[in-house]
């Protein structure tokens, strides 16, 4: 893969490598340069059919979904651009943006056995798939900031990470980083559309409430193992 196809092509501070106790997190005037960050609007990738109507990670798109161009993304708020541009652990940078530690609330989690027809990351071989819906909430405020859906090919992950997924509420990104796995994230798809049903209920919002969405795959060992869809509601991140 050529350098120009790697996203993002410029350095963004990897806050996942900085302890939350680091003084940099306390600087009121902390800035991240997003002015020269390149974004891409790319075709969606197939992840199979999903049986649940409250999960859109399968690629089923709302009629009102609009894929954002690079120019449209640049018109979003600074905080939102920074969040969708990061290739680090979202919970860490979200805690900086919102000045609040972030907790993970698992709304729904289930395991689909082999051959069940569950949505799995494209090109991965058949095996057990975990479907996980979570809210990222402020510890102090108690407010949900971001909703996320993930589809995880469990049988392609180390047993210790699978055990943590099943027993804890830690986000998949932090578990993979903690497991010292080499991860490549492909070019994310970014759109404007409705929040998923389960997330709108958590925010006590109408089903038509808008959010910016981001979807990408995590490639491990040359194989797509995890697909993640994240939703940033506009009432939380206004322009």
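Residue numbers (the numbering used here): 1 to 239.
Backbone N, C-alpha and C fix where the C-beta goes; we use that ideal spot for every residue, glycine too.
Per DSSP, the unbroken beta strand (DSSP E) holding residue 129 starts and ends at 129–138. Excluding five sequence positions before and after residue 192, the CB atoms of its chain that fall closer than 7 Å to its own CB belong to 66, 68, 210 and 212, given in chain order.
As computed with DSSP, residue 227 is found in a beta bridge with 151 and 217.
Excluding five sequence positions before and after residue 141, the CB atoms of its chain that fall closer than 6 Å to its own CB belong to 100, given in chain order. Between the C-alpha atoms of residue 171 and residue 163 there is a straight-line separation of about 13 Å.
Close CB contacts of residue 161 within its chain, under the 6 Å cut and outside five residues either way in sequence, are with 175 and 179 (chain order). Residue 154 is positioned such that its CB atom lies closer than 8 Å to that of residue 127. Residue state for residue 191 is assigned as strand, using DSSP reduced to three classes. By the criterion of a C-beta distance shorter than 6 Å, residue 147 is surrounded in its chain by 135, 199 and 231, once the five residues flanking it on both sides are discounted. Between residue 157 and the set 202, 145 and 219, the nearest pair of CA atoms involves 219.
Bridge pairing for residue 100: absent [DSSP]. A Cβ-Cβ distance of about 6 Å is found for the pair residue 98 and residue 145, placing them in contact under the 8 Å criterion.
In this structure, the CA atom of residue 215 is about 14 Å from the CA atom of residue 184. Cα atoms of residue 70 and residue 114: separation of roughly 39 Å, rounded to the nearest angstrom. Under the criterion of beta carbons closer than 8 Å, residue 83 and residue 93 qualify as touching, at roughly 7 Å.
The alpha carbon of residue 195 has as its nearest neighbour, out of 188, 151, 132 and 229, the alpha carbon of 229. Under DSSP, residue 210 forms a beta bridge with 194.
Of the candidates 131, 143, 238 and 107, 131 places its Cα closest to the Cα of residue 226. A Cβ-Cβ contact shorter than 8 Å links residue 77 with residue 238.
Going by C-alpha positions, residue 138 is about 6 Å away from residue 103. Residue 159 sits in a helix when the DSSP states are folded into three classes.
Relative to residue 202, the option among 177, 181, 159 and 107 whose CA is nearest is 107. If the five residues before and after residue 91 are omitted, its C-beta is found closer than 8 Å to the C-beta atoms of 102, 104, 136, 171, 173 and 174, all from its own chain and listed in chain order.
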